[in-house]
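Asker:
Number of protein chains: 2
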Amino acid sequence: MKIALDAMGGDNAPSINVEGAVLAFKQKPSSKIKVLLIGPEKLLKEELAKYEKKYKIKIPAQNLEIVNAGEVIDMHDHPAQAVRNKKDSSIVIGAKLVGEKNADAFVSMGNSGAVMTAALLHMKRIDGVHRPAISTEFPTQDGRCLILDVGANADCKPIHLLQFGIMGSIYAQKVMGIQNPRVGLVSIGEEETKGNELTLATYPVLKKSSLNFIGNIEGRDIPKSNVDVAVCDGFVGNVILKFGEGLGRMLFTLIKKALKKHPMVWAALPFIWLALKGLRKKIDPEEVGGAPLLGVNGVCIIGHGSSGSKAVKNAIFTTARAVSKNVTSEIKEEIANFNTANPDLAG
Amino acid sequence: MKIALDAMGGDNAPSINVEGAVLAFKQKPSSKIKVLLIGPEKLLKEELAKYEKKYKIKIPAQNLEIVNAGEVIDMHDHPAQAVRNKKDSSIVIGAKLVGEKNADAFVSMGNSGAVMTAALLHMKRIDGVHRPAISTEFPTQDGRCLILDVGANADCKPIHLLQFGIMGSIYAQKVMGIQNPRVGLVSIGEEETKGNELTLATYPVLKKSSLNFIGNIEGRDIPKSNVDVAVCDGFVGNVILKFGEGLGRMLFTLIKKALKKHPMVWAALPFIWLALKGLRKKIDPEEVGGAPLLGVNGVCIIGHGSSGSKAVKNAIFTTARAVSKNVTSEIKEEIANFNTANPDLAG
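Heads up: the protein sequence lines correspond to chains F and S, in order. Per this note's numbering, the first sequence starts with residue 1, numbered consecutively. Per this note's numbering, the second sequence starts with residue 1001, numbered consecutively.
#1: Any residues in the region 68-91 of chain F with a beta carbon nearer than 9 angstroms to a beta carbon of chain S? Which ones, in chain order?
#2: Helix, strand or coil for F:L211, going by three-state DSSP, please let me know.
#3: For the region 1145-1157 of chain S, which residues have a CB atom closer than 7 angstroms to at least one CB atom of chain F, in sequence order?
#4: Is it buried or exposed, F:N226, if we count other Cβ atoms within 10 angstroms and call 16 or more buried?
#5: F:T140 versus chain S: which residues are under 8 angstroms apart at the beta carbon?
#6: With DSSP as the reference, identify every bridge partner of F:L276, one or two as the case may be.
#7: If you draw a straight line from the alpha carbon of F:H160 to that of F:H130, how long is it in whole angstroms?
#8: Which bits of chain F does S:F1271 rub up against, with CB to CB less than 8 angstroms?
#9: Tell me the DSSP bridge mates of S:V1035?
#10: So the candidates are F:K157, F:G128, F:K34; which of them puts its Cα closest to the Cα of F:S329?
#11: Check whether the region 1300-1312 of chain S and the region 277-284 of chain F touch, using three or more Cβ-Cβ pairs below 8 angstroms as the test.
#12: Taking Cβ-Cβ distances below 9 angstroms as the criterion, which residues of the region 1187-1202 of chain S are in contact with chain F?
#13: Classify S:D1233 as buried or exposed, calling it buried when 16 or more other Cβ atoms lie within 10 Å of its own Cβ.
#14: So, F:L97 versus F:I66, is the Cβ gap smaller than 9 angstroms?
#15: So which residues of chain F does S:T1253 contact, with C-beta pairs closer than 8 angstroms?
#16: Under 8 angstroms between beta-carbons, which chain F residues line up against S:P1060? List them in chain order, please.
#17: How close, in whole Å, do the beta carbons of F:A133 and F:A118 come, if the pair is a contact with beta carbons under 8 angstroms?
#18: Look at F:G195 and F:L185 and say whether their C-beta atoms are less than 9 angstroms apart.
#19: Assess contact between the region 1171-1190 of chain S and the region 1313-1327 of chain S, defined as three or more Cβ pairs (one per stretch) separated by less than 8 angstroms. Is contact present?
#20: When the cut-off is 9 angstroms and only beta carbons count, does S:G1246 lie next to chain F?
#21: S:C1300 to S:I1188, Cα distance in whole Å?
#22: Does the beta-carbon distance from F:F25 to F:I59 come in below 9 angstroms?
#23: Give the range of the alpha helix (DSSP H) segment to which F:P79 is assigned.
#24: Can you list the residues of chain S that F:R220 reaches, using a CB-CB cut of under 7 angstroms?
#25: Could you give the first and the last residue of the continuous alpha helix (DSSP H) run that contains F:R144?
#26: Nearest-angstrom Cα distance between S:M1123 and S:S1112?
#27: Alpha carbon to alpha carbon, how far is S:K949 from S:A1311?
#28: Kindly indicate if chain S contains any beta-carbon less than 9 angstroms away from that of F:N12.
#29: Quick one: is S:K1034 buried, meaning 16 or more other Cβ sit within 10 Å of its Cβ, or exposed?
#30: Quick one: grab the DSSP three-state call for F:P40.
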């Protein structure tokens, strides 16, 4: 299995990506994963030597290959323009490798708009999929909830949300290991009659589908672990996601402040910090190692720009699972089945 | 100043409401507030006697009056039907008291849909206001952010969001005491070009207005205290609000669990719980004492069904501030001014 990794993606590229690839090999040296490390060859060779030395390993050619890319799309580049103009960038080359069947998956911690644009252009949409969606595993009380879309499609139609449900359901089952995932429609009341124009029109479509649709869910149902796949338009999903990140950070800050004020707590502070740090890591979306772009031909995982090498390593393993579980062909099949059975909705 | 209080609203009615009214008088016995306690006269007389005895005070007739209401709209009643059929309910009578100028404000911890329906029917919209909005003071890192709409209008147009901005700005200034409040449009990117159809169309309207418009804000800007008035449609606002409540609860639960696991922390646990309890209270939306319905003729504050007597007391004081600061007439004036200056948008 070949995983194309954008070595130049993320705030701390290329080192985090190179180290991530090395860590992945170190953890599973006998896996069938071959990482294609994409970026300026000379630079990557140096970085690789550095981390092979650090971890005292030598990665065989069957597990790692450097693919030269002379250009870099950075975080501030305009996605569409950059993809058009920087044809020799690691992002464009990575997406092309998958599009031309020279790799099974593409992973990048880089400019997410550019990764999406390149994936749509070079990997292309799966036949019958209207809108690929970015999904995120959000930490919840008892596990994780896949939220989609979280930003690829600000305005949606019912058929889009239905397809998000189908794709998310497959991902939750195959990659997250959730049997018969509960699919919920993000709305403002449990009743079928509550919602906005989009959700009111989407409800009956989801209800009619073969998904394990549990009806409308409210904002609070996500952290409460009442739903496995939360379906919404990319505007709502993006606002939720960023609001959640900000709120989590705010609460940790305020809790630390509140605890510091209590003299009786001082002696225990170092241990409290340790416990909080552990928890924060556990519920940090970064630890999962990326958000899958579902609906394109091939696995494509987009990570946080602030990812560290561990997040990159985790992203590689998540990607490998998605590839080995045939997520893409499962989506292809389910979408085709649905479209055949519902020619009126297929569009 | 007469404040009509729905004595039968909330999960623990009427006691929390009666006790709340008594606590408000106890805290500010020389205020000019007269609470009109609405509900079954006999029951309320008994409750009042109980709490007057408990707090060893006797509230003079100029500060409290019981207004008889034979019916109760409960949490499960269908809002529109209940308001139509239960004309002798405390919610309908409370809204009517304001509508007929026999009270300055109406406060209820009851069925929020019914309160809104009754307010729209009997207090009526302010001239020129398209859609009244429910707003909420959301706790942030350094203070509070007024989010509106949080549920009254699932689908909105740019003129609605603009009016939310005007009304929210006045409320933030007059009641929350924020000078020149920063108004932000909830979206999915800072740039003017990021958003969905609604926000893309709303941005230029807000930019042209005389509001202190700071542009698009993202979900994370609310907890980060980067904005004082966050404007969005009622669908997005409601999802954010409930997601935030759920996430806060989840984090407190997980933090407690994580801390309990560390033996070195055990001795300090009682003090940690105390600190966390204090913080939780500080950031509990309930403590503010209710969400104002802005855009109706008169002050109308809707509280959580789970409110306690302290939340009721706080709601009474918040309401009194809104009345004494002439929030309603300020909104009337600003909306009229805007509509005169922008006849094309006034609709």
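Every residue, glycine too, gets a C-beta built ideally from N, C-alpha and C. If you're wondering where the values come from, they're calculated on a predicted model, not measured in any experiment.
Answerer: So, from the data block:
#1: none
#2: coil
#3: G1151, A1154, D1155
#4: Looking at its Cβ environment, which holds 16 or more other Cβ atoms inside 10 Å, F:N226 is buried.
#5: M1250
#6: According to DSSP, F:L276 bridges with nothing at all.
#7: Whole-angstrom Cα-Cα distance: 6 angstroms.
#8: H262, M264, V265
#9: S:I1003, S:L1064
#10: In terms of Cα proximity to F:S329, the closest of F:K157, F:G128, F:K34 is F:G128.
#11: no
#12: S1187, I1188, G1189, K1194, G1195, N1196, E1197, L1198, T1199, L1200
#13: buried
#14: Contact: no.
#15: Q141
#16: By Cβ distance, chain F contributes nothing, its closest Cβ being about 41 angstroms from S:P1060, past 8 angstroms.
#17: About 16 angstroms separates the two Cβ atoms, so there is no contact after all.
#18: yes
#19: yes
#20: Proximity of S:G1246 to chain F, defined by a Cβ-Cβ separation below 9 angstroms, is satisfied.
#21: 32 angstroms
#22: yes
#23: Where F:P79 is concerned, the enclosing alpha helix (DSSP H) stretches over 79-85.
#24: K1242, F1243, E1245, G1246
#25: Judged by DSSP secondary structure, F:R144 falls outside any alpha helix (DSSP H) and instead within the beta strand (DSSP E) spanning 144-148.
#26: 15 angstroms
#27: Because chain S here runs from 1001 to 1347, residue 949 of chain S falls outside it and cannot be looked at.
#28: no
#29: buried
#30: Here F:P40 carries a coil assignment [DSSP, helix/strand/coil].
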